[in-house]
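Please read the structure below before turning to the comments.
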Amino acid sequence: MGADGTPTTSIDLAAEDAIIEVLKADGRSMRILSEELGELVIGNSPEFSVVLDPLDGTYNASAGIPFYSVSIAFASHDLLDLRFGYVSNLALREEYYAEAGKGAYLNGKEIKPSVNSDLKSLCVSVYGYRQNVERTRQIYSNVRRVRLFGSVALELCYVASGRLDAFVDVRKALRVTDVAAGQLILEEAGGLVTDGYGKTLRLPDNVTARVELVASNGHVHKKMLSLLSGGKFGN
Numbered sequence: 003m004g005a006d007g008t009p010t011t012s013i014d015l016a017a018e019d020a021i022i023e024v025l026k027a028d029g030r031s032m033r034i035l036s037e038e039l040g041e042l043v044i045g046n047s048p049e050f051s052v053v054l055d056p057l058d059g060t061y062n063a064s065a066g067i068p069f070y071s072v073s074i075a076f077a078s079h080d081l082l083d084l085r086f087g088y089v090s091n092l093a094l095r096e097e098y099y100a101e102a103g104k105g106a107y108l109n110g111k112e113i114k115p116s117v118n119s120d121l122k123s124l125c126v127s128v129y130g131y132r133q134n135v136e137r138t139r140q141i142y143s144n145v146r147r148v149r150l151f152g153s154v155a156l157e158l159c160y161v162a163s164g165r166l167d168a169f170v171d172v173r174k175a176l177r178v179t180d181v182a183a184g185q186l187i188l189e190e191a192g193g194l195v196t197d198g199y200g201k202t203l204r205l206p207d208n209v210t211a212r213v214e215l216v217a218s219n220g221h222v223h224k225k226m227l228s229l230l231s232g233g234k235f236g237n
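Going by our numbering, the sequence shown opens with residue 3, and the numbers climb by one from there.
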C-alpha cells in the first residue's frame, strides 16, 4: 500500500526508485512528495519541493493501454508557487512541460487550449461515477462527447493542448501528485483550473488529502460549474 492509501504495484515502485535516484544525483537539498513513499527530505535544508507521481495510470500500463505517464512538478516551499511541470506519455513519447511565466509546450512546440464554447460540441473528461452520479448528470446530458482515459495528469495536458475542452473530477479522490504538474501546464497554456465550486484550487501539502477540480479551456468554465450545480443550458 502506498503512502497515499492506494494499492502499489512493482511497476510503481520501480519507477519511483529510478526517478528518486536521479533527483538524489542532482546534489541539492529538496523535499519530495511522492505517491508511493509519501514525504522524503534529501539534505538538511530543502531549497525547493518536488511533487512526483512516478506512474499515473498504473492500470493502463499493466494492461497494455498506451495512456500512462510520469508526472513531476517543482515548486517553492509553498505548493501554490509551482515553478515547473513535466508530464510524459511514456507510451507515445509525448512530453508536455511548462515553466512559470513562459508558456506550455508539447515536444518543443507551444500549445494552447481550444476556443470551443458551445456545449453541444464539447469533448470532456468527467469523473464522478459511483460517488457523484447526480452531480455530473447534467454534464453528460449536455455535452457532445465524454472520454475517460485513466491518467489525470495526461488528461489535464490534453485540455492544455486542445484535445479535450474540459476535465472534471468531483470524486474527491485526487491527490497533489495527480494534479500539480498538469495544473501548471494547463494554466501556462492559457486554461483555467479551480476547485469543484469555482474557487482557487489549494493543493494539499501531503499525499493523503484529496481534492476535486474543474479544468477547462477557460471559455466553458462557468458552464461546467453551472452544470455541476444543477443548471441547464439550451445549447
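Glycine residues also receive a C-beta, built at the ideal position from the N, C-alpha and C atoms.
Since we're looking at a predicted model, the values are computed, not measured.
Is it buried or exposed for histidine 223, if we count other Cβ within 10 angstroms and need 16 for buried? Counting the other CB atoms within 10 Å of its CB gives histidine 223 a total of 16 or more, which places it among the buried residues.
Extent of the continuous beta strand (DSSP E) to which glycine 40 belongs: Element bounds for glycine 40: 40-44.
What is the C-beta distance between glutamate 112 and proline 56, in whole angstroms, given that I count them as a contact (C-beta under 8 Å)? About 27 Å separates the two Cβ atoms, so there is no contact after all.
Within the continuous beta strand (DSSP E) that includes arginine 173, where are the two ends? Its beta strand (DSSP E) spans residues 168-176.
How would you call valine 181, buried or exposed, if buried means at least 16 neighbouring beta carbons within 10 angstroms? So valine 181 counts as buried.
Which stretch, first to last residue, makes up the beta strand (DSSP E) that contains aspartate 55? If you look at aspartate 55, you'll find it in the beta strand (DSSP E) that goes 50-58.
For valine 161, name the three-state secondary structure that DSSP assigns. It is helical.
Do you know whose CA, among Tyr129, Ser123 and Leu84, lies nearest alanine 75's CA? Of the listed residues, the one whose Cα sits closest to alanine 75 is Leu84.
Leucine 25 versus glutamate 101: straight-line alpha-carbon distance, rounded: Taking the straight line from one Cα to the other gives about 18 Å.
Three-state secondary structure (DSSP) at serine 73? In the three-state scheme derived from DSSP, where H, G and I count as helix and E and B as strand, serine 73 is classed as strand.
Taking only the alpha-carbon atoms, compute the straight-line gap between valine 128 and valine 172 and give it to the nearest angstrom. Looking at the two C-alpha atoms, the distance is approximately 8 Å.
Endpoints, alpha helix (DSSP H) assigned at leucine 229: Its alpha helix (DSSP H) spans residues 223-230.
Helix or strand or just coil, what does DSSP make of isoleucine 67? The answer is coil: DSSP assigns isoleucine 67 none of H, G, I, E or B.
When you compare only the Cα positions, how much space is there between valine 117 and glutamate 41? Distance between the alpha carbons of valine 117 and glutamate 41 is about 39 Å.
Whose C-beta lies closer than 7 Å to the C-beta of glycine 66 among residues of the same chain, with five residues either side of it excluded? Only residues of its own chain outside the window of five on either side were considered, and among them none has a CB closer than 7 Å to the CB of glycine 66.
What are the boundary residues of the alpha helix (DSSP H) that includes glutamate 18? First-last of the alpha helix (DSSP H) with glutamate 18: 12-27.
Tell me the DSSP secondary structure of valine 154 in three-state form. Under the three-state reduction of DSSP output, valine 154 falls in the helix class.
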